[in-house]
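J.:
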Amino acid sequence: MTDRRLLRSAAALAVLALAATGCSIKADTSSDRVGNDGVRMGPGVTETTITLGALTDLSGVYASLGKSIVNAQQLWVEQTNKVGGICGRKVEIRVKDHGYDVQKGVAAFAEVEPGSAMLTQVIGSPVVAALKQEIDSKKILTLPLGWSSGLLGQNYIQVVGPTYDIDMINAVDFLTRKAGLAAGDRIGHVYFEGEYGENALAGAEYAAKQHGYTVVGQKIKATDTDLGAQVTALKQAGVKAILVSAGPKQSASLVGLAAAQGLTVPVVGSAPAFAPQLLDSAAAPALEKMFYLVSGYPAPSADTSRMRQLVQDYQAKYPGAPVDSGVVSGWVAAQVAAEALSNACTAKDLTREGIVAAHRSQKALNVLDVPLDFTDAAKPSAYGSFILKPAKSATGGLTVAEPAHEVEATRGYPLPRG
Amino acid sequence: MTRLAETLLDALALGSVYALVALGFTVVFKASGVMNFAHGSVLLLGGWVVAATHGAVGFPLAVLLGAAAAAAASGLLHLLTARGLRGAGAHAATILTIGADLALLTALGRAIGADYLATGDPWGSAVVRIGGVHVVEARLAGIAVSVALIGAVFAAFRWTRWGLAMRAASADEEAAALMGVRLGRMRLTAWCTAGALAAVAAVFLAAFPSPGLDRSTGQLALAAFPAAVLGGLDSAAGALVGSLAIGLAGALAAGYQDELGAFGEGLPGIAPYLVMVAVLLVRPSGLLGSKEAVRV
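Protein sequences appear in the order of chains A and B.
Heads up, the first sequence is in this note's numbering, so the first residue is 1 and it goes up one at a time.
Heads up, the second sequence is in this note's numbering, so the first residue is 419 and it goes up one at a time.
#1: Between the C-alpha atoms of Gly-354 of chain A and Asp-32 of chain A, what's the straight-line distance to the nearest angstrom?
#2: Alpha carbon to alpha carbon, what distance is there between Asp-519 of chain B and Ala-573 of chain B?
#3: How close, in whole Å, do the beta carbons of Gly-442 of chain B and Leu-615 of chain B come, if the pair is a contact with beta carbons under 8 Å?
#4: Span of the alpha helix (DSSP H) holding Gly-649 of chain B?
#5: If you reduce the DSSP assignment to three classes, tell me which class Arg-603 of chain B lands in.
#6: Over the uninterrupted alpha helix (DSSP H) stretch that includes His-496 of chain B, give me the two end residues.
#7: So what does Tyr-54 of chain A bridge to, in DSSP terms?
#8: Distance, Cα to Cα, Ala-583 of chain B vs Ser-628 of chain B?
#9: Taking its Cβ as the centre, do 16 or more other Cβ atoms sit within 10 Å of Ile-516 of chain B, making it buried, or is it exposed?
#10: Over the uninterrupted beta strand (DSSP E) stretch that includes Glu-408 of chain A, give me the two end residues.
#11: Please compile the residues from chain A whose C-beta is within a distance smaller than 7 Å of the C-beta of His-552 of chain B.
#12: Can you grab the Cα-Cα spacing for the pair Val-460 of chain B / Leu-522 of chain B, in whole Å?
#13: Under the three-state reduction of DSSP, which class applies to Arg-701 of chain B: helix, strand or coil?
#14: Taking only the alpha-carbon atoms, compute the straight-line gap between Thr-29 of chain A and Ser-64 of chain A and give it to the nearest angstrom.
#15: Given that Ala-669 of chain B touches chain A, what residues does it touch there, using C-beta distances under 8 Å?
#16: In chain order, which continuous runs of the beta strand (DSSP E) of length 3 or greater are located wholly inside the region 546-632 of chain B?
#17: Taking Cβ positions only, does Thr-395 of chain A come closer than 8 Å to chain B?
#18: Rounding to the nearest angstrom, what Cα-Cα distance links Gly-465 of chain B and Leu-623 of chain B in this structure?
#19: Can you check whether the CB of Val-452 of chain B is closer than 8 Å to the CB of Ala-642 of chain B?
#20: On the criterion of 16 or more Cβ atoms from any shown chain inside 10 Å, does Ile-25 of chain A qualify as buried, or is it exposed?
#21: Please classify Pro-276 of chain A: is it buried, with 16 or more other beta-carbons within 10 angstroms of its beta-carbon, or exposed?
#22: Can you pull the chain B residues whose beta carbon is under 7 Å from the beta carbon of Ala-200 of chain A, in chain order?
#23: Distance cutoff 8 Å, beta carbons only. Does Gln-121 of chain A sit that close to anything in chain B?
#24: Does the beta-carbon distance from Leu-535 of chain B to Gly-630 of chain B come in below 8 Å?
#25: Closer than 9 Å, Cβ to any Cβ of chain A: which residues of the region 605-639 of chain B, in chain order?
#26: Verify the contact flag: Thr-223 of chain A, CB atom, against every heavy atom of the ligand SAM, threshold strictly below 7 Å.
#27: Alpha carbon to alpha carbon, what distance is there between Pro-114 of chain A and Cys-23 of chain A?
#28: Hey, does Gly-433 of chain B have any beta-carbon neighbour from chain A nearer than 8 Å?
#29: What residues from chain A crowd round Leu-519 of chain B, counting only those whose CB sits closer than 9 Å?
#30: Please state if the CB of Pro-300 of chain A and the CB of Phe-274 of chain A are separated by a distance shorter than 8 Å.
#31: Shorter than 8 Å from the beta carbon of Leu-310 of chain A to some beta carbon of chain B?
#32: Taking the straight line between their C-alpha atoms, what separation do you get for Ala-200 of chain A and Asn-170 of chain A?
#33: Identify the continuous beta strand (DSSP E) that holds Ile-220 of chain A and give its terminal residues.
#34: Of all the beta strand (DSSP E) runs that stay within the bounds of the region 166-250 of chain A, which reach a length of 3 or more residues?
#35: Is the CB-CB distance between Ala-222 of chain A and Phe-192 of chain A below 8 Å?
#36: Give me the subset of the region 568-598 of chain B whose CB atoms are less than 7 Å from a CB atom of chain A, sorted by chain position.
Next up, the structure:
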């Protein structure tokens, strides 16, 4: 008797479950609708609004960077809506803080993704790596704020600008001219363990091989802040130049100690290896003298009309907020999103597939003097890097020492498969 | 030769600052049997007070203020763990310190943000040249101050009533209490001393070549943890020896990792723990820790 009742309720439950899943499948397919203007609309798009998502860090290690990126993108939203939005629709960005925590990042993605047309920023390589498959299955165009070449080759993930390894090839080219390196010379490379540092090292080793240099590697951890032993070892090895792919703290320690020990060789850091706050520390004089930064984007102090306009607008909207590299990278990502969305609108297709197709058709987009080509997902979208130099008086603590130009070696570099 | 001398000096400087932190772990453990996991954030608090006040009152007074604040925080933590968890034992108190660490670290993280705070120390980026060896002045100062402070703590252990009380209590708590040792006051003093030492360590951890005090400075206290364990958690001299051993292992591994081939890569990070495990395999209670009597 009990058995039969159990069976009956189990059957009822199964039917209910089937009905529920049936409903949700129906809801999914109906999310691609056609608006009154004849534009096909995917998730996050209505007759009046285009909603975008951003997974950022406002409370963890990259909180200051995250804040600048969010600010810059909200500035873009404000300016865009002032001139009528995109495709006759208002634009808005839903920002979720994950505090640089992978689990929180995955949860935030699940919350934001269903109502977003695309993601204008995802901070943190580990977070993007954890979301790779989800992003692919949801077909949502995502702009990560991390430049590892492990993220290439994904149709829905777009690294905007050169990757860390390409930056390092350009850095070695710069050092060859700057330090007069010759075949047989040694260059040091202090790098973080993990994707960022090791990706940069791959580029440095490739470039060194091309020129006949030897790379003296020093692997460190994010918690290593005293690089005395590394400096001693590099000095002993007789390096003529040093590359650093670590955090700002490590650069300060490295450059400060190298200067103190009389190892006055040029030091070039990857983009994340500098923060303007370093110029208030005891290592500032040495940094201004010996340090360079290789970056896919120009410095906020760059003397171009568009950059001046951005800095002016930013300072007007956020008085007192520092204008750092986050402002530039956030702005560039917003422009890339704007192009993809307005091209998708022209094609009357604001579904996710439509947005990514419009994005992939961009062959020569120029944002703040960074030429970008998105047609091949397997290749970096830019190959040139700017060489920047710390300067206390400059906006954002950096000036442009050399504009971006392409180095031939970057095209022959075998990109690692992600 | 220069390389070895520079590496050894680095090791000595690093080891002596670690010793200030490790001594704090040891003093607290000896007095109350608690592993204080909040020590790192107490260190950060001390450093933050120095950074916040040095502009107004000058560096020496700021250090005193920082030490006082860290001592007060550490003492307060003791009162919280001892009073709030009366009778719950040292294990519960140890767990509580983890919670306190998180709370304090979050508050300080908000206050510090992404900045590197200067502590206004008088050494700046000055460098001394001895023979062919370059030494950062702040490091020499760090060694001198650590030696002086550790000496003072050792002297206090040996010759003051507090030191005697602590040694008595650590040997046999019940007997000490019966002999009239005021355990509560002795413990409070121990926690406060640990806090003050941590604040001084923070000043040197934030000094050149570090760009200043930032929110992760407290994490460096974790490096002193294997030092305290390897020396023997209840031995102050052990903390000193352990710190020097850890400093040496880390600096030598970093200085020569390129010559160790594939084995050397990443070795500096794990060297302290390797040394700790190796020592504990041979001497389970640490280099100078007291052996526990076990009857079967």
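The beta-carbon is built from N, C-alpha and C at its ideal position, and this holds for glycine as well.
T.: Walking through what the data contain:
#1: 11 Å
#2: 30 Å
#3: 5 Å
#4: 639-649
#5: helix
#6: 477-502
#7: Before going further, note that residue 54 of chain A is Ala rather than Tyr in the sequence given. According to DSSP, which records beta bridges pairwise, Ala-54 of chain A is partnered with A:Val-95, A:Gln-121.
#8: 39 Å
#9: exposed
#10: Run containing Glu-408 of chain A: none in the beta strand (DSSP E); it sits in the alpha helix (DSSP H), 408-412.
#11: Ala-260, Gln-261, Gly-262
#12: 8 Å
#13: DSSP places Arg-701 of chain B outside both helix and strand once states are collapsed to three, so it counts as coil.
#14: Confidence in Thr-29 of chain A is poor, its pLDDT being 41 and thus under 50, which makes the residue's placement too unreliable to answer from.
#15: Per Cβ cutoff of 8 Å: Gly-228, Ala-229.
#16: 551-554
#17: no
#18: In this structure, the CA atom of Gly-465 of chain B is about 9 Å from the CA atom of Leu-623 of chain B.
#19: no
#20: Because Ile-25 of chain A sits at a pLDDT of 41, beneath the cut-off of 50, its placement in the model cannot be relied upon, and the point is left open.
#21: Burial is judged here by how many other beta carbons sit within 10 angstroms of a residue's own beta carbon; Pro-276 of chain A has at least 16 and is buried.
#22: Residues of chain B passing the Cβ test: none, with the nearest at roughly 15 Å.
#23: no
#24: yes
#25: Cβ contacts with chain A come from Leu-623, Ala-625, Phe-626, Pro-627, Ser-628, Pro-629, Gly-630, Asp-632, Arg-633, Ser-634, Thr-635, Gln-637, Leu-638.
#26: In the structure on display, the ligand SAM does not appear, and there are no ligands present to speak of.
#27: For Cys-23 of chain A, the pLDDT reaches just 47, beneath the cut-off of 50, and the residue's location in the model is therefore unreliable, although a value from the coordinates is still provided. Looking at the two C-alpha atoms, the distance is approximately 16 Å.
#28: No, Gly-433 of chain B lies away from the interface with chain A (no Cβ there is under 8 Å from its Cβ).
#29: It should be noted that the sequence gives Asp, not Leu, for residue 519 of chain B. Within chain A, no residue comes near Asp-519 of chain B; the closest Cβ sits about 16 Å away, beyond 9 Å.
#30: no
#31: no
#32: 11 Å
#33: From DSSP, the beta strand (DSSP E) with Ile-220 of chain A extends over 214-220.
#34: 186-192, 214-220, 241-245
#35: It is a contact, given that the beta carbons lie within the stated cut-off.
#36: Residues of the region 568-598 of chain B that bring their beta carbon within less than 7 Å of a beta carbon in chain A are absent altogether.
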